[in-house]
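Have a look at the structure below before the remarks.
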Amino acid sequence: MSKDNAAGRFAPDSDVDDDIEEPRQYKVLLHNDDYTTMDFVVKVLSTVFHKNEAEATRIMLAVHNQGVGVCGVYTAEVAETKVSLVRLLARRDGYPLKCSMEEV
719 MSKDNAAGRF
729 APDSDVDDDI
739 EEPRQYKVLL
749 HNDDYTTMDF
759 VVKVLSTVFH
769 KNEAEATRIM
779 LAVHNQGVGV
789 CGVYTAEVAE
799 TKVSLVRLLA
809 RRDGYPLKCS
819 MEEV
């Protein structure tokens, strides 16, 4: 437990474990297909991942030319939410856009 010092502030005990483990990080990936339009991919990157026009276009071209593009790196919960949102938007608009996450 912490001890109260003269200034009324708490000082940590010396036996406090300072080894805090960082949360695991996950890449969110978009995968190319023959049906999803480039404009829709840019729209998803702008709205879900908050990418500006230039960055969204760069990622969209990576998806188109290389088959996959990295949208960002997030904690598991954030990555899962973004993957779900992309899938929801794609299905709503009738696209088979695939979005996945992969541990870094």
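In the numbering used here, the protein residues as written are 719 to 822.
Positions of the beta carbon are idealized from the N, C-alpha and C atoms, including for glycine.
Every value quoted in this text rests on a predicted model; they were computed, and no experiment measured them.
Check: From Met719 to Ile738, what distance separates their C-alpha atoms?
Finding: Residue placement at Met719 cannot be trusted, given a pLDDT of 49 that sits under 50; what the coordinates show is reported in the next sentence. Roughly 18 Å separates the two Cα atoms.
Margin query: In whole angstroms, give me the CA-to-CA distance for Phe767 and Gly785.
Written below: One Cα belongs to Phe767, the other to Gly785, and the distance between them is close to 19 Å.
Item checked: the stretch 774-792 / the stretch 739-747 touching (three or more Cβ pairs under 8 Å) -> Contact between the stretch 774-792 and the stretch 739-747 is present, because at least three Cβ pairs lie under 8 Å.
Notebook entry, point to check: alpha helix (DSSP H) containing Glu821: first to last residue?
Noted result: DSSP places Glu821 outside any alpha helix (DSSP H); the residue lies instead in the beta strand (DSSP E), whose first and last residues are Lys816 to Glu821.
Next item on the list: Only counting runs of 4 or more residues, tell me where the alpha helix (DSSP H) segments fall wholly within the stretch 747-806, in order along the chain.
Entry: DSSP assignment within the stretch 747-806 yields the following whole alpha helix (DSSP H) runs of 4 residues or more, N-terminal first: 756-765 and 771-784.
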